[in-house]
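Numbering (my numbering), first residue to last: 851 to 1199.
We put the beta carbon where it would ideally sit given N, CA and C, even for glycine.
Predicted model only: the values in this text are computed from it and were never measured.
Structure first, commentary second.
So, in structure tokens, the structure goes:
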């Protein structure tokens, strides 16, 4: 996102049938047709003429008769009833500068982000790890092969962790770069631009920020800055596997703000049904706010965007990224005043 916004349930067990004989005023209860008897009583009728709640109170009731599967975090996002807990700063990753653009791996153990200033340039790519999702991230180190003496930011990987995209202005204007590797056990080499000519140019006068690769690498979302011609908005490019290249990007329908509002920082769920992003559209809380939108399938249009509940404040919030299970939202914020720092907010279940 640009610096001024927007720059960058297990199966239920079968119930056992139990015949119970109840003596009432010395009358014998006769079990008709054994255990296979089915009453013709109407719903709400005990079959004896008494209402159901007048039947003996000690009749056995299956413990799981009313059990329903708990809603997943994704269920809440898709139903637009998600509630986010107060965010917690990732203090182990905080610096004296700007810490932004988090991307978290599918297993939740690896985190890439951009730090400004970096060790080499204006903004560099950093990498942090943890041994389990119950532990905090630590040991943030600069990824020297991805960083330059210029502005390097917004790293995004495919689900398998083998393909990476990023934005950098190392050759002039901000452009998208891509690099692959054969295994997660090895590092990435220097980024290149193979397959990106229809995204970056030639003759492209805009700066390309905020790349995000879908899980399978089939779509590349980004937020170009048209160099003052119009506000930043969210676009998407599809990968042509026959030509081995990304096609010219098109604007994503339904989610972008009306001008002069701007949008950036797109990130999607693994199934591509939930998108989170940043916008400074009218009606927001601050200079940049977090929004989300949903859809029934990846081929369908997104719903109208909704503001992140209980999260946006008067400062700047941006760079959202969802965990694989949808239960954690990572983002950057200036809510404590001063520089951007990284935060995580959890979905209330």
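Cα atoms of residue 1083 and residue 1089: separation of roughly 20 Å, rounded to the nearest angstrom. DSSP, read as helix, strand or coil, puts residue 1047 in helix.
Membership of residue 1063 in the beta strand (DSSP E) is indicated by the continuous run 1057-1063. Residue range 923-928 is occupied by the alpha helix (DSSP H) that includes residue 928. Apart from sequence neighbours up to five positions away, the residues of its chain that approach residue 935 with a beta-carbon distance below 7 Å are 1195, 1196, 1198, ordered along the chain. With respect to the 8 Å criterion, residue 959 and residue 1193 are not classified as neighbours on the basis of their beta carbons.
Inclusion of residue 1026 and residue 1042 in the CB contact set at 8 Å is not warranted, their separation being larger than that value.
Taking the Cα of residue 1159 as reference, the smallest distance to any Cα among 1034, 1070, 1179 is reached at 1179. Using a C-beta cut-off of 8 Å, the region 1159-1169 makes contact with the region 1123-1141, since at least three inter-stretch Cβ pairs fall below that distance. Rounded to whole angstroms, the gap between the alpha carbons of residue 1055 and residue 1015 is 20 Å.
Taking C-beta separations shorter than 8 Å and ignoring five residues to either side along the sequence, the partners of residue 1156 in its chain run 930, 1141, 1142, 1143, following chain order. The residue from 927, 1051, 1124 with its alpha-carbon nearest to that of residue 1098 is 1051. For residue 949, the enclosing beta strand (DSSP E) has its first and last residue at 948-954. DSSP places residue 1025 within a strand segment (E or B) once states are collapsed to three. From the listed residues 1107, 1110, 1006, 1063, the smallest Cα separation to residue 1087 is found for 1063. For the options 1129, 1101, 1104, the alpha carbon positioned closest to that of residue 1112 is the one of 1129. The three-state reading of DSSP puts residue 943 in helix, counting H, G and I together.
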